[in-house]
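I have placed the structure first, in the form of structure tokens, so that the comments after it can refer back to it.
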Amino acid sequence: FTFLFVVCTSAFGLLVSSLFRDTVSAFLVLMFFSMPAFLISGFSWPSYAMPLFVRAVALPIPSTHFMPGFRAALGAPSAAASLLAPSLIMAALAALYFIAARAAIKRAYHPR
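Residue 5 is where the sequence shown starts when you use this note's numbering, and the numbers rise one by one after that.
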């Protein structure tokens, strides 16, 4: 489950970084948005206590789907079924982010 989170987060970072030409800009944007993204992902308070628009913004962030599964794994280690939905969502997000990053990189380095 954690490995899937790392893959999804890496794909998300690759997508964001592929939108910038230089490394410094990509790094600054990722650092600027990483703390708010972490806070709205449900780490510090439950997502159901947040406003609806904040929950909508948090949906594409990988840690939003990792936190409930992580809490379930800590609370009841034998509840593998509770990890299925977050795992499928993170796998779908990882695939989507890799495809989008590949398209962005291809467009940036191989213009037609």
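Think of the CB as a built atom: it goes at the ideal place given N, C-alpha and C, for glycine as much as any other residue.
As assigned by DSSP and simplified to three states, the class of residue i
i   : result
F24 : coil
M54 : coil
P40 : helix
S67 : helix
S48 : coil
F5  : coil
Identity of the residue in the options nearest residue i by Cα
i    : options            : result
A89  : A76, Y101 and L100 : A76
Y113 : L23, L100 and F16  : L23
G46  : M71, L8 and V10    : M71
I109 : T27, L18 and V10   : L18
V11  : A84, R25 and F102  : F102
M39  : L78, P55 and S67   : S67
T13  : A41, A98 and Y52   : A98
S21  : M54, M35 and L8    : M35
A41  : A85, F74 and V58   : V58
T6   : L100, L87 and R106 : L87
Any non-hydrogen atom of the ligand HEM closer than 7 Å to residue i Cβ
i    : result
H114 : The ligand HEM is not part of the structure shown, which contains no ligands of any sort.
Closer than 8 Å is the cut-off here; do at least three beta carbon pairs connect the segment 84-104 with the segment 56-76? As far as the Cβ criterion goes, the segment 84-104 touches the segment 56-76, which means the pair count is three or higher.
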